[in-house]
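Structure follows, in structure tokens:
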């Protein structure tokens, strides 16, 4: 299948310049469960909730000028060997240098797998470290494309996160994200989605962990074991019987 592939030759370190790029885990001060789940605390990462996550007038106007379908665009970051992303407690704001981050630091508690009204990258990056695939869609994306991608992801891998995301472009308003790589799309081709998941899912430093997460604010539907696979996602996209080629630089 056709891809336009770009390799990001640089790597941006963690937000805190004093933190090395090797394994690091910050231990957060214990806080009562009630305090942790309060909206006041969680809003540190939910700036997008101040915005309208529906397709607003200005975004709809931008999308209306897009003509034609752009080819899928796969980009991957170069990650140092043995790198483990740092954890940041809720008293620290996390901002990312890339539009769609793939490996950087995140919150200690990762989301339960499934579909959300919205979950921020500060959470789903931890899911990616555990080998998950994250599906992102812009609220102005064609709903038929969103539905098709959603169905494919849910039938490919239990360890998935689905959420709207405003960091996508009108040219490619859909994306899949895994450890170190992102696939941006203007349309959904089944073979492309299956290939990305089969070759890039479960690749995080802790990709072998099947345990579900603890964070669930905004969860719409929890993930289920995929028919034809198991809790460990040993068989990715079992419905698709054809072999797919690994994406390569043209």
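Numbering (this note's numbering), first residue to last: 15 to 264. Glycine included, C-beta positions come from ideal geometry on N, C-alpha and C. A quick note: this is a predicted structure, and the numbers were derived from the prediction, not measured.
- In this structure, residue 175 places its C-beta atom within 8 Å of the C-beta atom of residue 141.
- The alpha-carbon of residue 86 is positioned some 16 Å away from that of residue 148.
- One thing to note: residue 121 has its Cβ within 8 Å of the Cβ of residue 136.
- Taking the C-beta atoms as reference points, residue 182 is found no nearer than 8 Å to residue 159.
- Annotation for residue 224: 245 and 246 place their beta carbon closer than 6 Å to its own, counting only its chain and skipping 5 residues before and after.
- Following the DSSP letters along the chain, one finds residue 196 inside the beta strand (DSSP E) bounded by residues 195-199.
- In the pairwise beta carbon analysis, the region 106-113 is classified as not touching the region 211-228: fewer than three pairs are separated by under 8 Å.
- Taking a C-beta distance under 8 Å as the contact criterion, residue 240 and residue 172 qualify as a contact pair.
- Around the beta-carbon of residue 129, 16 or more other beta-carbon atoms lie within 10 Å, marking it buried.
- The C-beta separation of residue 114 from residue 189 comes to about 6 Å, placing the pair in contact by the 8 Å criterion.
- Annotation for residue 59: 134 and 136 place their beta carbon closer than 6 Å to its own, counting only its chain and skipping 5 residues before and after.
- Close CB contacts of residue 187 within its chain, under the 6 Å cut and outside five residues either way in sequence, are with 152 and 155 (chain order).
- Residue environment: residue 96 is assigned as exposed (fewer than 16 neighbouring CB atoms within 10 Å of its CB, all protein chains considered).
- A straight-line Cα-Cα distance of about 6 Å links residue 234 and residue 131.
- For the pair residue 178 and residue 243, the Cα-to-Cα distance works out to about 27 Å.
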